[in-house]
Amino acid sequence: MNTYVHRKKDPERLQEQLLEAASIIAAKDGIAALSLNAVAKQAGVSKGGLLHHFPGRQELIHALFIRLLAVMDRGIMALMAVDDNPRGRFSRAYLMYLAGISETDTSRQLALLSLAMPDERVLRKCWRDWVLQHLANADELDRSYVGNLVRYGADGLWLSELTEGVTMTSEERLALVTRLAAMTFEEF
1 MNTYVHRKKD PERLQEQLLE AASIIAAKDG IAALSLNAVA KQAGVSKGGL
51 LHHFPGRQEL IHALFIRLLA VMDRGIMALM AVDDNPRGRF SRAYLMYLAG
101 ISETDTSRQL ALLSLAMPDE RVLRKCWRDW VLQHLANADE LDRSYVGNLV
151 RYGADGLWLS ELTEGVTMTS EERLALVTRL AAMTFEEF
């Protein structure tokens, strides 16, 4: 008697496995290397299994971006949860999150996807919706030019370190982050 029972993988677990495989490839070789065949091979599943969850490359990239935004969201929300001052809290947490992730795989993957945004309308909309959702729940400072300046400064620092490498001393970097954070407490 054959006691082998075929077990289907949990669809959510398989989807996470596929996204993790895509994440590994993107971090190692960039977005250009993200082919459906490469992801299926990395995940140890058939291409058909991958296509069941992601009908194409664009859907896979979009899902990977959503996954990275969720990681970023959890980090920012954790920083906001321990910040007693509600004024500028979102912009301050955004700054501190980006200032702290410069050398991680998450940071590199987010950078790769961010650099793909100009050509990817769906990613641009996804990012815009994420920011607008946070700003809808934020305070006046976060929605002001000061909040924008702090967040754009954080973006610039993070992206320049990933693309150009370290261009300032650790003291200069700390002074920059400290000054940007201080702006979220000032009257504007």
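Mapping of the sequence shown onto the UniProt record's numbering: residues 1 to 188, in sequence order.
Ideal Cβ positions, reconstructed from N, Cα and C, are used throughout, including at glycine.
Rounded to whole angstroms, the gap between the alpha carbons of Thr184 and Gly88 is 5 Å.
Counting C-beta atoms within 10 angstroms of its own C-beta, Leu174 has fewer than 16 neighbours from the protein chains shown and is therefore classed as exposed.
Our two residues, Arg108 and Asp10, have alpha carbons roughly 29 Å apart in a direct line. The alpha helix (DSSP H) runs lying completely inside the segment 77-109 and spanning 4 residues or more are 89-100, given in chain order. The shortest CA-to-CA distance from Asp142 to any of Leu110, Glu186, Thr169 is the one to Glu186. Residue environment analysis places Tyr97 among the buried positions, since at least 16 neighbouring C-beta atoms fall within 10 angstroms of its C-beta.
In the structure shown, the three-state DSSP call for Pro11 is helix. Contact between Ala26 and Leu123 is ruled out by a C-beta separation of about 13 Å, above the 8 Å threshold.
Residue range 36-43 is occupied by the alpha helix (DSSP H) that includes Asn37.
Secondary structure at Ala136: helix, using DSSP grouped into helix, strand and coil.
For Asp119, there is no enclosing alpha helix (DSSP H), since its DSSP letter is neither H nor E.
Under the 8 Å Cβ criterion, the segment 12-23 counts as touching the segment 44-61, having at least three qualifying pairs.
Within the same chain, Pro86, Arg87, Gly88, Arg89, Phe90 come within 8 Å of Asp139 by CB-CB distance, once the 5 residues on both sides are set aside. Beyond the five residues adjoining it in sequence on each side, Ala43 comes within less than 6 Å, by CB distance, of Gln17, Leu18, Ala21 in the same chain, given in chain order. Using a Cβ distance threshold of 8 Å, Leu51 and Leu110 do not count as a contacting pair. Leu95 is a Cβ neighbour of Ala181, given a cutoff of 8 Å.
Ser114 is classed as buried because its beta carbon has at least 16 other beta carbons within 10 Å across all chains shown.
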